[in-house]
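The sequence shown begins at 65 in our numbering and counts up one residue at a time.
For each residue, glycine too, the CB sits at the ideal point set by N, CA and C.
Keep in mind it's a predicted model, so treat the numbers as computed, not measured.
So the structure is just underneath, and the comments pick up after that.
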Amino acid sequence: MEPTSRSLPKNAYTPLESGEQYVSVVPSSTTPREITPYSVGWGLFFSVLFSAAAAYLGLKIGQVFEAAIPIAIIAVGISTAMKRKNALSENVIIQSIGAASGVVVAGAIFTIPALYILELPANFWHVFLASMFGGFLGILYLIPFRRYFVKDMHGMLPFPEATATTEVLVAGESGGQQAKILLVASAVGGLYDFMVTTFGLWKEAFSTKVIPGLDYVAEHFRIEFRMNILAAITGLGYIIGLKYAAIIAAGSFLSWFVLVPLIAYVGQGLTEPIGTGVTQLISSMDAESIYWYYVRHIGIGGIAMAGIIGIVKSSKIIGGAFKLAATEIFGKKHAADIEKTERTDTDIPMGTIVSLIVVVLAAIFIFFWQGVTGNFGQALTGLIIVAIIAFLFTTVAARAIAIVGSNPVSGMTLMTLIISSFILVQVGLTGATGMVSALIIGGVVCTALSMAGGFVTDLKIGYWLGNTPKHQERWKFLGTLLAAASVGGVIILLNATYGFTGEGALPAPQANAMAAVIQPLMSNQPAPWVLYIAGALFALTLESIHVPPLAFALGMYLPLELNTPVLAGGIIAHFVSTRSKDEAVNTARRERGTLIASGLIAGGAIMGVVSAGLKFFGVNYQEFGWLWAETDGAEFLSMAMFAVIAGYLYWDSMRAKT
65 MEPTSRSLPK NAYTPLESGE QYVSVVPSST TPREITPYSV GWGLFFSVLF SAAAAYLGLK
125 IGQVFEAAIP IAIIAVGIST AMKRKNALSE NVIIQSIGAA SGVVVAGAIF TIPALYILEL
185 PANFWHVFLA SMFGGFLGIL YLIPFRRYFV KDMHGMLPFP EATATTEVLV AGESGGQQAK
245 ILLVASAVGG LYDFMVTTFG LWKEAFSTKV IPGLDYVAEH FRIEFRMNIL AAITGLGYII
305 GLKYAAIIAA GSFLSWFVLV PLIAYVGQGL TEPIGTGVTQ LISSMDAESI YWYYVRHIGI
365 GGIAMAGIIG IVKSSKIIGG AFKLAATEIF GKKHAADIEK TERTDTDIPM GTIVSLIVVV
425 LAAIFIFFWQ GVTGNFGQAL TGLIIVAIIA FLFTTVAARA IAIVGSNPVS GMTLMTLIIS
485 SFILVQVGLT GATGMVSALI IGGVVCTALS MAGGFVTDLK IGYWLGNTPK HQERWKFLGT
545 LLAAASVGGV IILLNATYGF TGEGALPAPQ ANAMAAVIQP LMSNQPAPWV LYIAGALFAL
605 TLESIHVPPL AFALGMYLPL ELNTPVLAGG IIAHFVSTRS KDEAVNTARR ERGTLIASGL
665 IAGGAIMGVV SAGLKFFGVN YQEFGWLWAE TDGAEFLSMA MFAVIAGYLY WDSMRAKT
């Protein structure tokens, strides 16, 4: 049986000293209830439900919500309502299976609708198989790295989303003061974000363009400061901490305060558009357009190179995984060695993983050959692209989630589309078949990377709380299968009902962007290789001066308005944990702040789903012509309200007592 007390150990979020061990909430010596009809049933139900909802809303309103935290909250609520005792480990399984929904949806809707947008042949099997195989590949590629990310790197990476979900699960199970703090913070964060996104009582983002004088600077020099004021993002910054928040913000500041104005200055004399798919002169672009058309590509190049650097630096880990696989397949593992492995550190056997990878890759090859290209050599080329790129970017996706809680999957997918299009053209695959092939390849890779990033979050939650990794790994496949089927059905249904082109069509913004990129590439138009190379060289420079290149490149890639509140949250975390001379007081304050920040994230996440649903049904300030939210007054008010929410996070955290 599981113990009845529930609280995270003091060293849950800090690096371990020499000889120190982390003991999970449910110790490895116990045998908790994990895989039961209750946990599996609810997990699969949420996988289907949230897949359909996320795909529907994501394509209809262009908003993809993360399902992990809402599922965790609902799981806690159900177990409490049913008076189910010691349900913590079951709730982890429910969350882990159900969370397949959000990551599969993100992989599918970023690419697959582009087939319909470009009026290319597509059917349910294209969507379903691309999503399913991509999801399976992401799971299998990540498992060999589980021990490294969730155990060996304990306390070295912030894992913001995993932290928030873990705090929700623990507080819900333990009740008492922890649950009260989390509940209040969730209500505050949820209500705050809901007032913005649904009723528009103040603007969601602030820009210095509303300040007299600085509007001139923004217009003529393309220099502006932007900040999103949502509580959930600020809470994310608190959990990330000042170190990584500062590096991420520095990447954004380089992009927006150096590169954007520099490109604007150099391009003001150009008389023709420059760049693939660009139809506008640089001189007529605002700062945001310059960022999206040019600077963001530098960030993508930096992310790609950071991934390569990570692979090189992790070569011993990768080599160890291959060595372990060879030992398990061709050697003999003694029963005594198996018995020494703790329950909380057991994965699916590496030999099984390798065998499954071979099976999945073979199935992908058959899918490409018989269902996409119709050509053996071209299908083999597509398989090689998927196998290599998905493997290389898996660790990038996992590390990105571990650092900022946001997976740059769209950027990596864009890079995949460019690389695959270039290679496919060289092997004679062009035109409609070439575009279908590139988009299907992009869909498989996109889903694999999305799954890898999401699954490392699930495994970290399980590590903190004491679940058995192999149980999470095995049942993730079934959750992914149902999520892929749900997404495929919803996309087909929405295309038949609304369509993705013409009047009244679904926006599908990410897929439209992919469609805009793929057409010129398949016509042999050049990709922005110079910008990618510049980003790659910059990442190498950062590595040489010991600045984490991935965190910096993520800052360059993600919009400025998302990174500035992250920095604010990191600064608050620093002040909260350093104001007292008594280290015990600082620790108590930091831990209370982590719980409050998790509540802000949870409240924002759950109300974000509600807000998206209301927007779909026309309950939104924009639908009613409420113009206040778009005025300068609402923008100034947004900064005042941000000061209120930041003040609440700081004040309530400082109330902690030892």
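Discussion item. With H, G and I counted as helix, E and B as strand and the rest as coil, what does DSSP make of F223?
Written reply: coil
Item to complete: May I have a chain-ordered list of the alpha helix (DSSP H) segments no shorter than 4 residues that lie completely inside the segment 287-318?
Response: 295-304, 306-318
Worksheet entry | Rounded separation between A309 and V640 - CA only | 15 Å
Worksheet entry | Buried versus exposed, by CB contacts within 10 Å (16 or more), Q490 | exposed
Practice prompt. Measure the C-alpha to C-alpha separation of L604 and V359 and round it to an integer number of angstroms.
Written response: 17 Å
Worksheet item: Between I99 and the rest of its own chain, which residues show a CB-CB distance below 6 Å, the 5 nearest in sequence each way excluded?
Response: Contacts found: H535.
Item to complete: State buried or exposed for R148, treating a residue as buried only when at least 16 other CB atoms are found within 10 Å of its CB.
Response: exposed
Worksheet item: How about I636 and A549: are their beta carbons less than 8 Å apart?
Response: no
Fill in: Rounded separation between L523 and H638 - CA only
27 Å
Worksheet item: Should the segment 218-234 be regarded as contacting the segment 485-502, the criterion being three or more beta carbon pairs within less than 8 Å?
Response: no
Worksheet item: Going along the chain, which unbroken runs of the alpha helix (DSSP H) with 4 or more residues stay wholly within the segment 605-681?
Response: 613-621, 624-640, 647-680
Worksheet item: In terms of alpha-carbon separation, which member of T94, A76, A600 lies closest to Y86?
Response: A76 is the residue among T94, A76, A600 whose C-alpha sits nearest the C-alpha of Y86.
Worksheet item: Over what stretch of residues does the alpha helix (DSSP H) that includes S153 continue unbroken?
Response: 152-162
Discussion item. Taking 8 Å as the limit between beta carbons, can you name the residues of its chain near V252, skipping five residues before and five after?
Written reply: Hits under 8 Å: A295, G663, L664, G667, I709, Y712.
Worksheet item: Just how far apart, CA to CA, sit A328 and L614?
Response: Here the alpha carbons of L614 and A328 stand approximately 26 Å from one another.
Discussion item. Does L72 pass the burial test, meaning 16 or more other C-beta atoms within 10 Å, or should it be called exposed?
Written reply: buried
Worksheet item: Is it true that the CB of I582 sits closer than 8 Å to the CB of V191?
Response: no
Fill in: Distance, L278 Cα to G517 Cα
39 Å
Practice prompt. Would you check if the distance between the CB atom of I354 and the CB atom of I364 is smaller than 8 Å?
Written response: no
Worksheet item: Around the C-beta of A399, are 16 or more other C-beta atoms found within 10 angstroms, so that it is buried, or is it exposed?
Response: Caution applies to A399, whose pLDDT of 46 falls short of 50 and renders its modelled position unreliable; the model cannot decide the point.
Worksheet item: Taking the alpha carbon of A451 as the point to measure from, which residue in A427, W266, I467, F616 has its own alpha carbon closest?
Response: A427
Discussion item. Please state the DSSP three-state secondary structure of A269.
Written reply: Reduced to three states, the DSSP call for A269 is strand.
Worksheet item: Tell me which same chain residues have a C-beta within less than 7 Å of the C-beta of V424, skipping the five on either side of it?
Response: F197, F200, L201, L204
Fill in: For A464, the nearest candidate out of F270, I142, F223, A117 (CA to CA)
F223
Worksheet item: Looking at the unbroken alpha helix (DSSP H) that takes in W715, where does it start and where does it end?
Response: 696-717
Practice prompt. Take I525 as the anchor and find which of I158, R286, F681, P337 has the nearest alpha-carbon.
Written response: I158
Worksheet item: Can the beta-carbon of L179 be found less than 8 Å from the beta-carbon of A186?
Response: yes
Item to complete: Find out if the Cβ-Cβ distance for the pair G315, G619 is shorter than 8 Å.
Response: yes
Item to complete: For the alpha helix (DSSP H) containing E283, list its first residue and its last residue.
Response: 278-285
Worksheet item: Going by alpha carbons, who is nearest to I504 out of W106, I176, G162, P96?
Response: If we check each option's Cα against that of I504, I176 comes out closest.
Practice prompt. Identify whether Y86 lies in helix, strand or coil by the three-state DSSP scheme.
Written response: coil
Worksheet item: Touch check for the segment 275-291 and the segment 243-262: three-plus C-beta pairs under 8 Å?
Response: no
Practice prompt. List the whole-angstrom C-beta distance separating G543 from L108, where the pair is believed to meet the contact cut-off of C-beta under 8 Å.
Written response: Their Cβ separation, rounded to whole angstroms, is 6 Å, which keeps G543 and L108 in contact under 8 Å.
Item to complete: Would you kindly report the start and end of the unbroken alpha helix (DSSP H) that includes H190?
Response: 188-206
Worksheet item: What distance in whole Å lies between the Cβ atoms of G634 and L306, which are believed to be in contact at a cut-off of 8 Å?
Response: 4 Å
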